[in-house]
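Here the sequence shown stands for residues 0 to 194, numbered as in numbering that gives the first Met the number 0.
For each residue, glycine too, the CB sits at the ideal point set by N, CA and C.
Following: one structure in structure tokens, then a few remarks.
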Amino acid sequence: MGITSNRGYPYPDLSSPTTVAADLEALATAYDADLKTLQDGIGQRPMFRATGGSTRQEYGAGPLLQVSYEVLEENSGGALWGVSTQMPRDSFIPFIPGIWLITATVSYSRWVAPGSVEWVKLRLFSSFEIAGASANVLPGPEDRNRTLSVTSLYGFDGTAVGNPLYVAFEANDIPTRPSYAITSRSLTATLVSRD
């Protein structure tokens, strides 16, 4: 019996006795075990997902507002541990060194006065701004719900003393106008490559 050089799948060679059923069973068993190994590797990719929405975050004029999260919906593969799993919170430190794919989404509502155009920014930070997304908020007859997302790759060193990951919301609000109301929000980080 021979085996393939790449994945080690068995196959009958010319000197093997003819046992079709046994040969097919050996191949199927090897293939099944290989798929299970691959599936386990994919399914255990470290990631975390934090969400919020049961409370509104109000934003008026001023500096950046750190977005807060109320629920840790997913924490697989040891992505977060210890104090980073205590909710609610507004910053996180992934504890596995490597490159992480990070996506933050914020839904917000705001009435914009006729004749004015405002802007909002959503930013990912660690020791510095990782990425940002911005949008103009155009006038409308009523309070409108809008969504803004930002996605980036970022490398964490996996230590508890590293700079935490956080999401910031900013707008060119004017104090005499009503504030923005941040409703639902989510932050997802998935390890894509280990150091």
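I'd like to know whether the C-beta atoms of PRO45 and GLY76 end up nearer to each other than 7 Å.
In terms of Cβ geometry, PRO45 and GLY76 form a close pair [threshold 7 Å].
Do you know offhand how far PHE168's Cα is from LEU186's?
13 Å
From the DSSP output, read off the bridge partner residues of VAL105.
LEU147, ARG184
Quick one: grab the DSSP three-state call for SER192.
strand
Going by C-alpha distance, which of ALA25, TYR68, ASP12 is nearest TYR165?
TYR68
To the nearest angstrom, how far is the alpha carbon of PRO174 from that of LEU34?
Because PRO174 sits at a pLDDT of 49, beneath the cut-off of 50, its placement in the model cannot be relied upon, and the following sentence gives the value as read from the coordinates. Going from the Cα of PRO174 to the Cα of LEU34 covers about 59 Å.
Hey, could you find the ends of the beta strand (DSSP E) TRP80 is sitting in?
That residue, TRP80, is in no beta strand (DSSP E); it is neither H nor E in DSSP.
Put VAL166 into one of helix, strand or coil per three-state DSSP.
strand
How far does the beta strand (DSSP E) with PHE47 in it reach, from first residue to last?
46-51
Is it the case that the Cβ atoms of GLY52 and THR182 are separated by a distance below 7 Å?
yes
Using only alpha-carbon positions, find the residue among PHE91, TYR8, ALA32, PRO9 that is nearest to ALA49.
PHE91
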